[in-house]
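Each remark here refers to the structure printed beneath this line.
Numbering (my numbering), first residue to last: 2 to 282.
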């Protein structure tokens, strides 16, 4: 006769279509975002080179909707890409770091990486604009010497671009590399909220499940934006800028990533993203 005090195993409920889609998406996101970042950086450099050379010799028709700078993906996606990075990567860093350390100050420390990246993005993009301004010129204008596009337009002239380095190639690649680095904090995400042998209470388990669902949702959002930025990079390579301008942008993005994640963060503040070797906080 079995002992009535013996704990019974609780069977999980049937898997719904929603659970299946969510689980499959999460697995796809893991495979994509956990690819070695070094290989991604090299891949971006190669693909930008090849596609840019191809577009130089066999330029695609500019009649395509995606070739227009006013298309909805460019206007509300790429042009405000850093905004999307701040509101997606930021919450992911904060929540995953807070749950790991149980400390607001530690979460803020990890969030500093995004602040540093924002400073680099601002510096690089404004440097590109300054280079374009001092190397460009206004033609067919009436009097004066307009020094930028706006003044040239007011003078009735046409702005002849100078060295117009691809800010989009820089930003898109840099955002993807940042997403890939920061996504590592989801690697070996634990199944329970406790790192010791004490059994967690029902309330602790429910709270942990709620927070884990939030982190998983943010992880999937990062996956979506990574794919979207990759697509936008493809469009940039085929339709915008010269090959050399895109290569400089790509090279700058990889340099910014390497300087911070390969040399700066491993040595000092604010340190690299969390890397768990086992499934425990």
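For glycine and all other residues, C-beta sits at the position ideal for the given N, C-alpha and C.
Could you tell me the distance, in whole angstroms, from the CA atom of residue i to the CA atom of residue j?
{"i": "residue 93", "j": "residue 220", "result": "7 Å"}
{"i": "residue 259", "j": "residue 182", "result": "11 Å"}
{"i": "residue 53", "j": "residue 222", "result": "29 Å"}
{"i": "residue 211", "j": "residue 49", "result": "41 Å"}
{"i": "residue 51", "j": "residue 105", "result": "45 Å"}
{"i": "residue 129", "j": "residue 30", "result": "33 Å"}
{"i": "residue 107", "j": "residue 56", "result": "46 Å"}
{"i": "residue 74", "j": "residue 88", "result": "18 Å"}
{"i": "residue 225", "j": "residue 20", "result": "18 Å"}
{"i": "residue 36", "j": "residue 149", "result": "43 Å"}
{"i": "residue 136", "j": "residue 232", "result": "30 Å"}
{"i": "residue 91", "j": "residue 81", "result": "15 Å"}
{"i": "residue 42", "j": "residue 23", "result": "28 Å"}
{"i": "residue 58", "j": "residue 244", "result": "11 Å"}
{"i": "residue 32", "j": "residue 25", "result": "11 Å"}
Would residue i be called buried (16 or more neighbouring beta carbons within 10 Å of its own) or exposed?
{"i": "residue 176", "result": "buried"}
{"i": "residue 98", "result": "buried"}
{"i": "residue 218", "result": "exposed"}
{"i": "residue 18", "result": "exposed"}
{"i": "residue 198", "result": "Bear in mind that a pLDDT of 43 at residue 198, under 50, signals an unreliable position, so the number given afterwards is only what the model happens to contain. Exposed."}
{"i": "residue 204", "result": "exposed"}
{"i": "residue 284", "result": "For residue 284 there is no data in the structure shown, the boundaries of the chain being 2 and 282."}
{"i": "residue 246", "result": "buried"}
{"i": "residue 60", "result": "exposed"}
{"i": "residue 157", "result": "exposed"}
{"i": "residue 34", "result": "buried"}
{"i": "residue 250", "result": "buried"}
{"i": "residue 269", "result": "exposed"}
Could you say which of the options lies nearest to residue i if we only look at CA atoms?
{"i": "residue 162", "options": "172, 168, 133, 173", "result": "133"}
{"i": "residue 276", "options": "234, 115, 89, 189", "result": "189"}
{"i": "residue 228", "options": "130, 174, 72", "result": "174"}
{"i": "residue 186", "options": "101, 256, 243, 123", "result": "101"}
{"i": "residue 252", "options": "169, 232, 156, 224", "result": "169"}
{"i": "residue 248", "options": "131, 37, 165", "result": "165"}
{"i": "residue 45", "options": "89, 225, 171, 226", "result": "171"}
{"i": "residue 62", "options": "269, 240, 278, 268", "result": "240"}
{"i": "residue 159", "options": "151, 140, 152", "result": "140"}
{"i": "residue 213", "options": "226, 224, 191", "result": "191"}
{"i": "residue 83", "options": "35, 121, 70, 136", "result": "121"}
{"i": "residue 38", "options": "216, 278, 255, 268", "result": "255"}
{"i": "residue 116", "options": "95, 127, 103, 27", "result": "95"}
{"i": "residue 209", "options": "25, 274, 103", "result": "103"}
Spatial neighbours of residue i within its chain, please: C-beta separation below 6 Å, excluding the five flanking residues on both sides.
{"i": "residue 236", "result": "67"}
{"i": "residue 234", "result": "173"}
{"i": "residue 262", "result": "182"}
Using 8 Å for Cβ pairs, my map puts residue i next to residue j. What's the rounded Cβ distance?
{"i": "residue 179", "j": "residue 86", "result": "7 Å"}
{"i": "residue 242", "j": "residue 154", "result": "Wrong, their Cβ atoms sit about 21 Å apart, outside the cutoff."}
{"i": "residue 257", "j": "residue 47", "result": "Not quite, the Cβ-Cβ distance comes to about 19 Å (not below 8 Å), so this is no contact."}
Excluding the 5 residues flanking residue i on each side, which residues of the same chain have their C-beta closer than 8 Å to its C-beta?
{"i": "residue 272", "result": "110, 111, 266"}
{"i": "residue 215", "result": "96"}
{"i": "residue 27", "result": "217, 220, 221"}
If you drop the 5 nearest sequence neighbours on each side, which residues of the same chain put their C-beta closer than 7 Å to that of residue i?
{"i": "residue 113", "result": "271"}
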